[in-house]
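Undergrad: For reference, the structure I am asking about is given below.
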Amino acid sequence: MEKLGGIFNPSSPEMEALAGLTYYTMATTLGILLLIVAAMIYIIIAYRKKPDDNQEPYQNFGNLNLEIVWTLIPCAIVAVLFILTCNTMKVVDPPVGDHEPDIIIIGHQWWWEIRYPKSGVITANELHIPAGKYMLARIESVDVIHDFWVPELGRKIDAIPGHTNHMWIVAGEPGLYIGACAEFCGTQHANMHIRVIAKTEEEFKEWETKELVIPPTPRSGLAGEGAKLFQEKACMNCHTILGTAAAARVGPNLTHLNNRQTIGAGVLTNTPENLKKWLTNPQRYKQGSLMPNMKLSPAEVDAIVAYLEALK
Amino acid sequence: MSSRIPLVPENTEPLPSLKGNQGMLAWVSSVDHKQIGLMYLIITGVFFVIGGLEALLMRIQLAQPEMDFISPEVYNQLFTMHGTTMIFFVVMPFLIGIGVYLVPLMIGARDMAFPRLNALSFWLVVFGGILIYYSFLTQSGAPDMGWFSYAPLSEKPFSLNKGPTYWALGLLATGIGSIASGLNNIVTILTLRTAGMTMRRIPLFVWMILVTSFLIIFVFPIIASAFAMMLLDRLLDATFFTPAHGGSAILWQHFFWGFGHPEVYILILPAFGIISEVIPVFSRKPIFGYEFVAGSTVAIGLLSVGVWGHHMFAVGLGDVANLYFSLASMLIAIPTGVKVLNWIATMWGGKIIFATPMLFATAFIIEFVMGGITGVAIASAPIDWVVTDSYFIVAHFHYVLYGGSMFAIFAGIYYWFPKFTGRMMSETLGKWHFWLTVIGFNMTFFIQHFLGVMGMPRRIYTYQDFPYWGSMNLLSTIGAVVLALSVLVFMWNIHVSLRRGKKAGDNPWNAWTLEWAAASPPAVHNFDLVPPVRGRRPLWDLAHPEQPDEPNAKVVD
Amino acid sequence: MADNKMLIKFFIASESIFFLMLILAYVNFKGTVVDGPTAESSLNPYVTGIFSLFLLASSLTVWLAGKSLRAQNHTMMKVWLLVTIMLGAIFIFGQGREWAGLIEQNITISRNVFGTTFFTLTGFHGFHVLIGLLMLSILLGLALFGDFKGPKSDGVEVISIYWHFVDGVWIVVYSVIYVWAFFL
Ligand code: HEA
Ligand code: HEA
Ligand code: CUA
Ligand SMILES: [Cu+2]
Numbered sequence: 177m178e179k180l181g182g183i184f185n186p187s188s189p190e191m192e193a194l195a196g197l198t199y200y201t202m203a204t205t206l207g208i209l210l211l212i213v214a215a216m217i218y219i220i221i222a223y224r225k226k227p228d229d230n231q232e233p234y235q236n237f238g239n240l241n242l243e244i245v246w247t248l249i250p251c252a253i254v255a256v257l258f259i260l261t262c263n264t265m266k267v268v269d270p271p272v273g274d275h276e277p278d279i280i281i282i283g284h285q286w287w288w289e290i291r292y293p294k295s296g297v298i299t300a301n302e303l304h305i306p307a308g309k310y311m312l313a314r315i316e317s318v319d320v321i322h323d324f325w326v327p328e329l330g331r332k333i334d335a336i337p338g339h340t341n342h343m344w345i346v347a348g349e350p351g352l353y354i355g356a357c358a359e360f361c362g363t364q365h366a367n368m369h370i371r372v373i374a375k376t377e378e379e380f381k382e383w384e385t386k387e388l389v390i391p392p393t394p395r396s397g398l399a400g401e402g403a404k405l406f407q408e409k410a411c412m413n414c415h416t417i418l419g420t421a422a423a424a425r426v427g428p429n430l431t432h433l434n435n436r437q438t439i440g441a442g443v444l445t446n447t448p449e450n451l452k453k454w455l456t457n458p459q460r461y462k463q464g465s466l467m468p469n470m471k472l473s474p475a476e477v478d479a480i481v482a483y484l485e486a487l488k
Numbered sequence: 027m028s029s030r031i032p033l034v035p036e037n038t039e040p041l042p043s044l045k046g047n048q049g050m051l052a053w054v055s056s057v058d059h060k061q062i063g064l065m066y067l068i069i070t071g072v073f074f075v076i077g078g079l080e081a082l083l084m085r086i087q088l089a090q091p092e093m094d095f096i097s098p099e100v101y102n103q104l105f106t107m108h109g110t111t112m113i114f115f116v117v118m119p120f121l122i123g124i125g126v127y128l129v130p131l132m133i134g135a136r137d138m139a140f141p142r143l144n145a146l147s148f149w150l151v152v153f154g155g156i157l158i159y160y161s162f163l164t165q166s167g168a169p170d171m172g173w174f175s176y177a178p179l180s181e182k183p184f185s186l187n188k189g190p191t192y193w194a195l196g197l198l199a200t201g202i203g204s205i206a207s208g209l210n211n212i213v214t215i216l217t218l219r220t221a222g223m224t225m226r227r228i229p230l231f232v233w234m235i236l237v238t239s240f241l242i243i244f245v246f247p248i249i250a251s252a253f254a255m256m257l258l259d260r261l262l263d264a265t266f267f268t269p270a271h272g273g274s275a276i277l278w279q280h281f282f283w284g285f286g287h288p289e290v291y292i293l294i295l296p297a298f299g300i301i302s303e304v305i306p307v308f309s310r311k312p313i314f315g316y317e318f319v320a321g322s323t324v325a326i327g328l329l330s331v332g333v334w335g336h337h338m339f340a341v342g343l344g345d346v347a348n349l350y351f352s353l354a355s356m357l358i359a360i361p362t363g364v365k366v367l368n369w370i371a372t373m374w375g376g377k378i379i380f381a382t383p384m385l386f387a388t389a390f391i392i393e394f395v396m397g398g399i400t401g402v403a404i405a406s407a408p409i410d411w412v413v414t415d416s417y418f419i420v421a422h423f424h425y426v427l428y429g430g431s432m433f434a435i436f437a438g439i440y441y442w443f444p445k446f447t448g449r450m451m452s453e454t455l456g457k458w459h460f461w462l463t464v465i466g467f468n469m470t471f472f473i474q475h476f477l478g479v480m481g482m483p484r485r486i487y488t489y490q491d492f493p494y495w496g497s498m499n500l501l502s503t504i505g506a507v508v509l510a511l512s513v514l515v516f517m518w519n520i521h522v523s524l525r526r527g528k529k530a531g532d533n534p535w536n537a538w539t540l541e542w543a544a545a546s547p548p549a550v551h552n553f554d555l556v557p558p559v560r561g562r563r564p565l566w567d568l569a570h571p572e573q574p575d576e577p578n579a580k581v582v583d
Numbered sequence: 067m068a069d070n071k072m073l074i075k076f077f078i079a080s081e082s083i084f085f086l087m088l089i090l091a092y093v094n095f096k097g098t099v100v101d102g103p104t105a106e107s108s109l110n111p112y113v114t115g116i117f118s119l120f121l122l123a124s125s126l127t128v129w130l131a132g133k134s135l136r137a138q139n140h141t142m143m144k145v146w147l148l149v150t151i152m153l154g155a156i157f158i159f160g161q162g163r164e165w166a167g168l169i170e171q172n173i174t175i176s177r178n179v180f181g182t183t184f185f186t187l188t189g190f191h192g193f194h195v196l197i198g199l200l201m202l203s204i205l206l207g208l209a210l211f212g213d214f215k216g217p218k219s220d221g222v223e224v225i226s227i228y229w230h231f232v233d234g235v236w237i238v239v240y241s242v243i244y245v246w247a248f249f250l
């Protein structure tokens, strides 16, 4: 049997607290529902009109004591639920204090820009974190409202233009946690996935160093041609590649595209084949995406793919 | 027996009537509350089919992962129009319409206080609906920013199409119509009650309409002004909701939900009213705790305006605001619970007749409580952080809206159809409709709770093949098809009953409120003579002179 | 008889919420302007204050019109109605003057949040004044043709309640925009 995701697989202390609160609350309230269902079943059996009974039943207009009882009991239940809420909130949403954010997560239509202000790494759609370590994320948006949600790791939080939010991110164990944008943000809201990749501390350090390398620009061969095309075909108007003139932020930073698992915030797995498909017509795989069809010839596509693959 | 009480003052002008000249013009120009009420019901029926078909298309697209049936643009238009239609052009006008039909009859009045204003309200709603649907015909298509139209997605830079403009204009027209009918209902209920019909004796349905009307006149202006601002932004480049120019995206949310949350009680309180009429009649007992059912309605109305932030827990309002909104929202469970328990107590010890209206009313209690308890769960901010904007929320609000409002609407239609038309609806088809609805509804929406907590966001036109998502969504889609079947059975039932239904007579259910003293369908002037009102159940008092509800009540003339 | 006065009172309650929202929007953005005009930099509280007095006075005259009607003094009623309309018109003229002045300096609804909220708030108020003027003119016209024999008339009473409301809203609007910016 495959494993159930989301709340059924809490993978951080936050998510465990949240799942606990959810289970407890749902159990309590489902208990109420069951009592009501039981009462209804009893009523349906016991108080159904008998076919030949034409007497009107006893006319009962109410009972003050009962009303008081069934006002007070729900009051008590609500009080308990509220106290649980307060307690969980403390666990899940620890104060930020004057910490500097470790990560800045920026929502774009329809991909995530991810920056590590402390090291200077900039990537997209993949959030790498050292497992077990609390990382403070600042969440922003450059266009419309998005919402950062990794179901197995914890809460949702909105990315709102003109308003910054903070949240702590932690993953208990190394692993891959898939999330998505949860606030409707336009045409491709459905394909705005985020992957959280939790690693050991060493692996994380290693990844960070790799990301910081400025790859040399190939000068010759297919890749060299691709590099030229990249500048000529206006790719540079939207993308950044470190060590070249391309420094725009409209689309994802492509310097280390190689190291990423997917293309287009999760629509394709990142293989040279798929990259060719994407460059041939991104609109086919992500209709409405803000990357236009650049109308590249197959030869041009091959060259640019060779270039992007060569960036190491 | 005391003398019968004369009529409330007659309108001096003759009004177009149900009988006699049956031409279309007579309907279109009608200011009679019964004709207007029926027109509301018909138009909402049409919109329900449209909104339902939109839902079906969405469900087909979602039946399997990575389906390619509908493009993302169209899918986004579909859910926006589905939500907008169901809320503003189905449930709300239905409840207003049935209120317009019944309130004057229930309080023994000749018509609404302002019959022409009543007609204006209705036609504004129709006009708003047409305006919004017209946008499908424009080049860029219907609005596609979701039924709460969050800024800045709904603003010009991100929605260059005209859809959101039509949307705001259409809803503005509809909203003005609703405010007018709210005002009309309030004045009608406060001033046109027949002699003896004190506020402590009006049927609970009338109480619910009264509280709903107050909610309407106090919260629709909120959204009207927000629509005005949105239109100024879109048409004159104002900057209310555009953060890039100094505006605020969050302000729109405060405005929308400041209206939007009370709105959901506008959608459920009259439904509670229907249930509060149906359950006593079919249990053959008076409502248990009348004062508490009425009083809790007022409490719900008051609480409902202070909880809007529970739709904004993920915005980051701060702990204090989040906790306040959590507590305030949970508190609504208390007056709502009072109602539920009073309905159950009304059934307790009764001699219950499970005709179709009562079947729907009984199921209403269970389905609504199911929706209510998930409501209380998500009122807890941390739980909401887990499930907000996921299918769990979709499940919550379909349980309260379909399992609540729509079940009550069906109960109401089966209950009052004989009054509206003079004919009974088929019980056999009614039972088919009922069971298909219960099965289809729970099949469609129960599973969505699990999809939500497993990580499926709402408003996605496609999803990847995560474990079990495909099969769970398929189940939900099959449920929706069953639900569509149930609606077809229902429409068929109406069709055959109108032609061949059993003749109803004035009071087929042996009910006790005044509308059953009028003919079926009621004459233009409603009553020849209004029966004396000396208690909450005038027709009970007439039928059981030896056992009146209020033995010591003074006779008023 | 349908209760017209009750209707207008609930209508006004509803309208108040509408204005409350516009005012809240104004207040929400007050002080958030980073560049461009603000109330402090572009408005003149004294000129507008004087025009406001005309509107205030019109509340008095509409009351006098009603009083004359109750006293069966039809001539005076017409005179007071006319005066009310003129006072209201002068206020609208003042508003128009202020708007024109701002637009000349390129301060418009799309300039910044001050422009947006200021023009929206005063615009909706001005729109209500215009509606009131229209209704008062219809009243006056009907009176000139011999309607309103008195001593009571729902029409006159309802419209004067509405007119007082428009006036009351202006007091709040003036306080929020001008008094707050210049005198607090
Ligand atoms: C008919 C409409 C209706 C009704 C009646 C309700 C009723 C309630 N709703 Fe719901 N709600 C909606 C329609 C409705 N809702 C819609 C349309 C949305 C989504 C909008 C959108 O995003 O598109 C929504 C969303 C919504 C949210 C936001 C979710 C999100 O977007 O993140 C929340 C959060 O608190 C909430 C809470 C509640 C609560 C606490 C109630 C309570 O009133 C429920 C009270 C009832 C009971 C609790 C059952 C009976 C009580 C008892 C038997 C007594 C004992 C019980 C206890 C002590 C628990 N609702
Ligand atoms: C009262 C309100 C109401 C009602 C009754 C319904 C009814 C239904 N809803 Fe709706 N729904 C909303 C209010 C409502 N909904 C709202 C507010 C939203 C949020 C929108 C947003 O996110 O902006 C929503 C969103 C919503 C979604 C989520 C979309 C998304 O987030 O991507 C889904 C998905 O399953 C759905 C499904 C359904 C289904 C299957 C029904 C079914 O119950 C429908 C049953 C009816 C029919 C199927 C009609 C059948 C008629 C026929 C078959 C007749 C055929 C006739 C001829 C051929 C002449 N709804
Ligand atoms: Cu970004 Cu949805
Ligand atoms: Cu709500």
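Which chain is which? The protein sequence lines are A, B and C, in order.
For the first sequence, position 42 (counting from the first letter as 1) is numbered 218 according to the numbering used here, and the numbering increases by one without interruption.
For the second sequence, position 249 (counting from the first letter as 1) is numbered 275 according to the numbering used here, and the numbering increases by one without interruption.
For the third sequence, position 108 (counting from the first letter as 1) is numbered 174 according to the numbering used here, and the numbering increases by one without interruption.
Just so it is clear, CB atoms sit at the ideal spot from N, CA and C, and this is done for glycine as well.
Quick one: using the 10 Å Cβ neighbour count with 16 as the cut-off for buried, is residue 473 of chain A buried or exposed?
TA: Residue 473 of chain A is exposed by the Cβ-count criterion.
Undergrad: What residue does the beta strand (DSSP E) around residue 352 of chain A start on, and which one ends it?
TA: Residue 352 of chain A -> beta strand (DSSP E) spans 351 to 357.
Undergrad: Output, in sequence order along the chain, the residues in the region 346 to 360 of chain B whose CB is closer than 8 angstroms to any CB in chain D.
TA: Given the protein chain composition of this structure (A, B and C), no chain D is represented.
Undergrad: Going by C-alpha to C-alpha distance, which of A:377, A:198, A:215, A:346 sits closest to residue 369 of chain B?
TA: Nearest option by C-alpha distance: A:215.
Undergrad: Is residue 431 of chain B near ligand 5, in the sense that its beta carbon is under 7 angstroms from a heavy atom of that ligand?
TA: The model depicted lacks ligand 5 and carries ligand 1, ligand 2, ligand 3 and ligand 4 instead.
Undergrad: Could you give the distance in angstroms between the alpha-carbon of residue 499 of chain B and the alpha-carbon of residue 418 of chain B?
TA: One C-alpha to the other measures close to 13 angstroms.
Undergrad: Which residue spans inside the region 275 to 324 of chain B form an unbroken alpha helix (DSSP H) run of at least 4?
TA: Correct list: 275 to 309.
Undergrad: Tell me which residues share the same chain as residue 16 of chain B and place their Cβ nearer than 8 angstroms to its Cβ, disregarding the 5 neighbours each side in the sequence.
TA: Nothing about residue 16 of chain B can be read from this structure; chain B reaches only from 27 to 583.
Undergrad: Unbroken alpha helix (DSSP H) runs of length 4 or more, entirely within the region 59 to 117 of chain B: which are they?
TA: If we require 4 residues or more, the alpha helix (DSSP H) runs fully inside the region 59 to 117 of chain B come out as 59 to 88, 98 to 110.
Undergrad: Please name the residue in B:546, B:91, B:94, B:69 whose C-alpha comes closest to that of residue 112 of chain B.
TA: Here the closest residue by C-alpha is B:69.
Undergrad: Given a cut-off of 8 angstroms on the beta-carbon distance, is the pair residue 436 of chain A and residue 446 of chain A in contact?
TA: Yes, the Cβ-Cβ distance between residue 436 of chain A and residue 446 of chain A is below 8 angstroms.
Undergrad: Hey, is residue 411 of chain B's beta-carbon within less than 8 angstroms of any beta-carbon in chain A?
TA: By this cut-off, residue 411 of chain B is an interface position.
Undergrad: Report the three-state DSSP secondary structure of residue 388 of chain B (helix, strand or coil).
TA: The answer is helix: DSSP assigns residue 388 of chain B an H, G or I state.
Undergrad: Quick one: what does DSSP say residue 189 of chain A is sitting in, helix, strand or coil?
TA: Here residue 189 of chain A sits in helix by DSSP.
Undergrad: Counting beta carbon pairs with one atom in the region 390 to 399 of chain B and one in the region 426 to 445 of chain B, are three or more of them shorter than 8 angstroms?
TA: The answer is yes - the region 390 to 399 of chain B touches the region 426 to 445 of chain B, with three or more Cβ pairs under 8 angstroms.
Undergrad: Is the region 310 to 319 of chain B close to the region 327 to 340 of chain B, with three or more CB pairs under 8 angstroms?
TA: Contact between the region 310 to 319 of chain B and the region 327 to 340 of chain B is absent, because fewer than three Cβ pairs lie under 8 angstroms.
Undergrad: Please give the ranges of any beta strand (DSSP E) in the region 409 to 462 of chain A, keeping only runs that are unbroken, at least 3 residues long and fully inside the region.
TA: Counting only runs of 3 or more, we get nothing.
Undergrad: Would you be able to state if there are at least three C-beta pairs under 8 angstroms between the region 295 to 310 of chain A and the region 426 to 441 of chain A?
TA: In short, these stretches touch, since the Cβ pair count reaches three.
Undergrad: Less than 8 angstroms between the CB atoms is what I'm expecting for residue 312 of chain B and residue 563 of chain B, so what's the real figure, rounded?
TA: So it is a contact: roughly 6 angstroms between Cβ atoms.
Undergrad: Between residue 470 of chain B and ligand 2, is the CB less than 7 angstroms from at least one heavy atom?
TA: Result yes, Cβ under 7 angstroms from ligand 2.
Undergrad: Does residue 55 of chain C come within less than 8 angstroms of chain B when only Cβ atoms are used?
TA: Outside the displayed range of chain C (67 to 250) lies residue 55 of chain C, so it cannot be described from this structure.
Undergrad: Chain A beta carbons: is any one of them nearer than 8 angstroms to that of residue 184 of chain B?
TA: So yes, residue 184 of chain B belongs to the interface.
Undergrad: Compare the C-beta of residue 32 of chain B against all C-beta atoms of chain C and say whether one is closer than 8 angstroms.
TA: With a pLDDT of only 35 at residue 32 of chain B, under 50, the local geometry of the prediction cannot be trusted, and the value read off the model is given with reservation. Answer no: the Cβ-Cβ gap between residue 32 of chain B and chain C never drops below 8 angstroms.
Undergrad: Given 7 angstroms as the limit, tell me if residue 570 of chain B has its C-beta closer than that to any heavy atom belonging to ligand 4.
TA: Not so, every heavy atom of ligand 4 lies at least 7 angstroms from the Cβ.
Undergrad: What is the residue span of the alpha helix (DSSP H) that residue 175 of chain B lies within?
TA: That residue, residue 175 of chain B, is in no alpha helix (DSSP H); it is neither H nor E in DSSP.
Undergrad: If you follow the beta strand (DSSP E) that residue 283 of chain A is in, where does it begin and where does it stop?
TA: Residue 283 of chain A -> beta strand (DSSP E) spans 279 to 284.
Undergrad: By Cβ distance, which residues of its chain are closer than 7 angstroms to residue 232 of chain B, with the 5 residues on each side in sequence left out?
TA: For residue 232 of chain B, where only same-chain residues beyond five positions count, the Cβ hits under 7 angstroms are 129, 132, 133, 215.
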